[in-house]
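Under the working numbering, think of the first position of the sequence shown as -17, with each following residue one higher. Following: one structure in structure tokens, then a few remarks.
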Amino acid sequence: MSELKRRIWPRRRGLGSRRRSPRLMLAVLPTMLTLGNGVCGMASIAVAVSVNLPWEIEQKLFVAGILIFVGMIFDALDGSAARMTNQSSQFGAELDSLCDAITFGAAPAVILWRYSALLPNRLTWAIGVVFTLCVLMRLARFNVETEEDDAHDGFEGLPSPAAAGTIAAFVISIPHLASLTSPEYPERVQSIASIALTVFQYLIPLVALGLAYLMVSRFHYPHLVQQWLRGRKAPHQIGKALFAIGGIFLFNELALPLALCWYAFSFPLKHLLVKAGWLKASELSHALQAEEPPAASGN
């Protein structure tokens, strides 16, 4: 049936038979935050592939990685804003997934294509495509399997923001690593930094492949933000946090990819150790489950 016939056909049935679709009412603040996430993803891609910016490729990728982290902030805020203002909707959930596909799927793939110069172009292109496709499957599975009253204490499969943030963290650390090759540092430091820069050319694509698999896997990951926002924490947990903060001050940007790789790969490794009998299941469940706050905390 032609477009003209489709437009005329309802009129023949009479005005009384026409149904108006419900008007979509947008929640302004959560929607703007979600769109900010999408803008960061588009900006990250634009900076990574730009030929007009008078920057070196390392600087472009540094800014592109920073924009992915800014997108992660928007992604964290839009859901909180929707719950605080009681404006959660199916439209917001679908829009959030579409923006996540740009910022956490397409943008990291473009960074991979632009960074890895030592590997064949076909290989890096294929890795970037696989990474993006796994992000799309991860987002689709999350939308289908997550219910509205879900407590969001954990995830089944690596969250796409964490995967994209891991790749972004590597390229963010590259300028600092390159600065260690300057003559003002000892020769041993210069040599280690030069080797690390070469290793990164091979390591980042391999890490991306691992992250792609973990996103579509069934490994359980804790929601660290939710766990830390609830109740009191044991001394050893506070000690870990202080140790992480000290590592950031000591190693600067180099601590970021290490921390994110630990989050991405440590929990699957613990699952494998439990399966092999080298680790108790209770220790793994303790690490994954959010601790319930004591009754006196008022939460």
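We put the beta carbon where it would ideally sit given N, CA and C, even for glycine.
Contacts around residue i, its chain only, beta-carbon distance under 7 angstroms, and the 5 residues preceding and following it disregarded
| i | result |
| --- | --- |
| LEU251 | none |
| ASN125 | ALA75, SER79 |
| MET54 | PRO143, GLY147 |
| THR114 | GLY87, ALA88, ALA91 |
| MET66 | none |
| ILE109 | LEU94, PRO187, ALA190, LEU191 |
| VAL171 | LEU162 |
| GLY245 | The question names Gly, but residue 245 in the sequence shown is Tyr. Same-chain partners within the cutoff: ALA144. |
| GLU138 | ARG200, HIS202 |
Alpha-carbon spacing of residue i relative to residue j, whole angstroms
| i | j | result |
| --- | --- | --- |
| PRO102 | GLY192 | 19 angstroms |
| LEU162 | ALA122 | 42 angstroms |
| ALA216 | THR148 | Its pLDDT being 46, under 50, ALA216 is placed unreliably by the model, and nothing is read from it. |
| THR85 | ILE93 | 11 angstroms |
| VAL52 | PRO187 | 23 angstroms |
| ASN19 | GLN41 | 21 angstroms |
| ALA46 | ALA91 | 11 angstroms |
| ASN68 | VAL10 | 12 angstroms |
| ALA241 | VAL33 | 32 angstroms |
| LEU211 | ALA63 | Only weak support is given to the placement of LEU211: the predicted model assigns it a pLDDT of 49, under 50, and the question is left unresolved by the model. |
| PRO204 | GLY136 | 4 angstroms |
| LEU236 | LEU140 | 22 angstroms |
| THR169 | LEU59 | It should be noted that the sequence gives Glu, not Thr, for residue 169. If you take the alpha carbons of GLU169 and LEU59, they lie about 45 angstroms apart. |
| ALA25 | TRP37 | 15 angstroms |
| LEU254 | VAL111 | 28 angstroms |
| LEU177 | ILE50 | One point to set straight first is that residue 177 is Ile, not Leu, in the sequence displayed. One C-alpha to the other measures close to 27 angstroms. |
| TYR195 | CYS243 | 14 angstroms |
| LEU43 | SER173 | 23 angstroms |
| ILE154 | ALA160 | 11 angstroms |
| ALA30 | TYR167 | 30 angstroms |
| THR180 | GLN72 | 45 angstroms |
| ILE156 | ALA258 | 37 angstroms |
| HIS202 | PHE249 | 7 angstroms |
| THR128 | GLY23 | 24 angstroms |
| GLY61 | LEU35 | 34 angstroms |
| ARG200 | ARG104 | 29 angstroms |
| ALA83 | ILE48 | 17 angstroms |
| SER70 | ALA150 | 29 angstroms |
Segment limits, alpha helix (DSSP H) that includes residue i
| i | result |
| --- | --- |
| PRO187 | 169 to 198 |
| THR148 | 142 to 161 |
| PRO239 | 237 to 258 |
For residue i: DSSP bridge partner residues
| i | result |
| --- | --- |
| TYR203 | PHE137 |
Residues near residue i in its chain [Cβ-Cβ closer than 6 angstroms; skip 5 each side]
| i | result |
| --- | --- |
| ARG(-5) | Any reading at ARG(-5) is ruled out, since the residue's pLDDT is 47, under 50, leaving its predicted position unreliable. |
| LEU100 | GLN183 |
| MET119 | VAL198 |
| VAL21 | none |
| PHE152 | ILE186, PRO239 |
| CYS81 | THR16, ASN19, GLY20 |
| PHE56 | LEU15, GLY18, ASN19 |
| ALA343 | The chain is shown only over -17 to 281; residue 343 falls outside these bounds and no answer can be derived. |
| CYS116 | ALA194, MET197, VAL198 |
| ILE27 | ALA89, VAL92 |
Close-in-space but distant-in-sequence residues of the same chain around residue i (CB under 8 angstroms, 5 per side omitted)
| i | result |
| --- | --- |
| LEU77 | THR13, THR16, LEU17 |
| THR106 | LEU94, TRP95, SER98, PRO187 |
| PHE247 | GLY192, LEU196 |
| PRO165 | GLN172 |
| ILE39 | ARG96, TYR97 |
Completely contained alpha helix (DSSP H) runs for the region 25 to 103, where each covers 4 or more residues: 39 to 66, 72 to 82, 89 to 97
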